[in-house]
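Notes follow the structure.
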Amino acid sequence: RKEVEQDPGPFNVPEGATVAFNCTYSNSASQSFFWYRQDCRKEPKLLMSVYSSGNEDGRFTAQLNRASQYISLLIRDSKLSDSATYLCVVFPWTGGRRALTFGSGTRLQVQP
Amino acid sequence: ETGVTQSPTHLIKTRGQQVTLRCSSQSGHNTVSWYQQALGQGPQFIFQYYREEENGRGNFPPRFSGLQFPNYSSELNVNALELDDSALYLCASSSMWGADDEQYFGPGTRLTVT
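For the protein sequence lines, the chains are A and B, in the order given.
Here the numbering used here is used: position 88 in the first sequence is 568, and no number is missing along the way.
Here the numbering used here is used: position 15 in the second sequence is 910, and no number is missing along the way.
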């Protein structure tokens, strides 16, 4: 079983749509959680951190459920520029080692 | 931009050859992590260097090795290249024990093994 599992998509949605991505993780010792965005053939870039209380950054809302080991990302009012792969990332920081564990990514295509 | 640079941008090698990839970390960062991203997959952790020593390793064979230099830049070496080593190799710099948890990725080196 993969440590971080995501639906690979692709999710094809029209502009203005609301889309939700889900992710589950297996390591209960995970300390921190993130969503990264990766454009085609580019490096991953941090989109937002994820907290148990839920957090929002403009059109993006992230949520963490530690009991269910489940992370979500909601994108409202999708824009063409949101088209990318979204990577769910957990950070099982142990012994000072800061190694991110990535899911395989969910591809989003926003269409005009 | 993150300030993390990698060289070369692209590389084509033949199976069995050896390759060295380079990474310059962001100013103020003392830790470099290397990741391999195969097509259609998320990045996989190879290893991490902190103060010139390996500080954790993922599930990669010993033919993947690395170095970190006193200026915190780093090299990834891969010996006896295999076709499956074709991937985007990413380095990420961060500050161990710092308040900022974020790892800053370089643009990557795309390696093709034929």
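Built from N, CA and C at the ideal position, the CB exists for glycine as well.
Keep in mind it's a predicted model, so treat the numbers as computed, not measured.
Residue-level contact to chain B via CB, residue i, 7 Å cutoff
i: residue 579 of chain A; result: yes
i: residue 523 of chain A; result: yes
i: residue 585 of chain A; result: yes
i: residue 567 of chain A; result: yes
i: residue 526 of chain A; result: yes
Reduced DSSP secondary structure (H/G/I, E/B, other) of residue i
i: residue 979 of chain B; result: helix
i: residue 561 of chain A; result: helix
i: residue 486 of chain A; result: strand
i: residue 967 of chain B; result: coil
i: residue 494 of chain A; result: strand
i: residue 955 of chain B; result: coil
i: residue 1008 of chain B; result: strand
Closer than 9 Å at the beta carbon, the chain B residues around residue i
i: residue 572 of chain A; result: Chain B residues near residue 572 of chain A: none, gap ~10 Å exceeds 9 Å.
i: residue 582 of chain A; result: 930, 932, 936, 937, 938, 939, 940
Test: residue i CB closer than 7 Å to a CB of chain A
i: residue 1002 of chain B; result: yes
i: residue 997 of chain B; result: yes
i: residue 961 of chain B; result: no
i: residue 976 of chain B; result: no
i: residue 916 of chain B; result: no
i: residue 971 of chain B; result: no
i: residue 985 of chain B; result: yes
Option in the options with minimal Cα separation from residue i
i: residue 980 of chain B; options: B:899, B:911, B:903; result: B:911
i: residue 565 of chain A; options: A:535, A:533, A:512, A:525; result: A:525
i: residue 500 of chain A; options: A:513, A:568, A:509, A:522; result: A:568
i: residue 486 of chain A; options: A:550, A:557, A:563, A:560; result: A:550
i: residue 968 of chain B; options: B:957, B:960, B:922; result: B:922
i: residue 926 of chain B; options: B:946, B:917, B:908; result: B:946
i: residue 510 of chain A; options: A:540, A:584, A:585, A:545; result: A:545
Endpoints, the beta strand (DSSP E) within which residue i is located
i: residue 873 of chain B; result: The requested residue 873 of chain B is not part of the displayed model; chain B covers only 896 to 1009.
i: residue 949 of chain B; result: 948 to 952
i: residue 499 of chain A; result: 499 to 505
i: residue 991 of chain B; result: Neither: residue 991 of chain B is in no beta strand (DSSP E) and is coded neither H nor E.
i: residue 908 of chain B; result: 905 to 908
i: residue 552 of chain A; result: 550 to 555
i: residue 587 of chain A; result: 586 to 591
i: residue 543 of chain A; result: 540 to 545
Residues that residue i contacts on chain A, provided the C-beta gap is smaller than 8 Å
i: residue 953 of chain B; result: 579
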